[in-house]
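This report refers to the structure that appears directly beneath it.
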Amino acid sequence: MDTTTLNTHTTTIDHLVIAVSDLAKASADLGLLLGRSPSWQGSHPDYGTANTLFKLDNTYIELLAIQGSGIGADAVAAMLQSRQHALGGLVFGTENTSEFLANARNAGLAVSDPAPSHGIDDLSGNTRRWSNMFWDAAAARGFFLSVYATTQNPTFLRHRSLRWLQLTLSITWWYRLETQMLQNNFMASNWVFASRWNRRYRNGEGRSSFFAPVQ
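If you read the sequence shown in this note's numbering, its first letter stands for residue -1, the second for the next number, and so on.
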């Protein structure tokens, strides 16, 4: 499939999705790793999911769990069944949904019509609204793909950002640590290390090359 025309209208990687079974634990773990609180914690009533967001410089990490029923709950269940806790979704961003749809379909890509949705932040009560266009499941080969266009309140994510490069490093380090703890029973020593690192980071005793904050 020729995606040259398509790519000119895919303006951003909006965010990455990690499917989790225990949202509270996953949120606490990633918050400890990043040395910060979440940017958003809420739910998607239209999709049957709950989420926690950690905003980065030009994208964000979304931890996504089942809360009810809907297309989102089904997608998370499929991710957990096939890969357990894993990077399971990639969401692109576009500023022009009709133009994106036309070019995507002309390139032979099966994409759904825009579906309006919204998320509610449990901490502030703020609401964000957007439209999603979902990739064909077979074409995505088991990976959850969608295209996202914000329609209201895109700036409601709190906290200053972290740099884009840290995204891959933080996800990789987090899951390697999690796997090591589970397989080798190193939970105590690893969490002592993480706690010491986090305390030093918060006290300004040195910056990690993984998570140096944007000035």
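Ideal Cβ positions, reconstructed from N, Cα and C, are used throughout, including at glycine.
| Asked | Found |
| --- | --- |
| Alpha-carbon spacing of Ala105 relative to Asn130, whole angstroms | 19 Å |
| Residue span of the beta strand (DSSP E) that contains Arg126, given as start and end | Thr125 to Phe132 |
| Residue closest to Ser122, alpha-carbon to alpha-carbon, out of Leu31, Thr10, Pro36 and Ser19 | Pro36 |
| Contact between the stretch 83 to 94 and the stretch 31 to 47 (3+ Cβ pairs under 8 Å) | no |
| Neighbourhood of Ala71 by C-beta distance below 8 Å, restricted to the same chain and skipping five residues each side | Tyr45, Gly46, Thr47, Ile64 and Gln65 |
| Asp20 versus Leu51 - alpha carbon distance | 15 Å |
| Asn5 to Ala113 span [Cα, whole Å] | With a pLDDT of 48 at Asn5, under the threshold of 50, the modelled position of this residue cannot be trusted; read the value that follows with caution. Their backbone Cα atoms lie some 21 Å apart in a straight line. |
| Nearest-angstrom beta carbon gap, Val15 and Leu78 [assumed within contact, 8 Å] | Incorrect: roughly 12 Å between the Cβ atoms, too far for contact. |
| Of the listed residues Ala26, Gly29, Asn56 and Leu32, nearest to Thr10 (C-alpha basis) | Asn56 |
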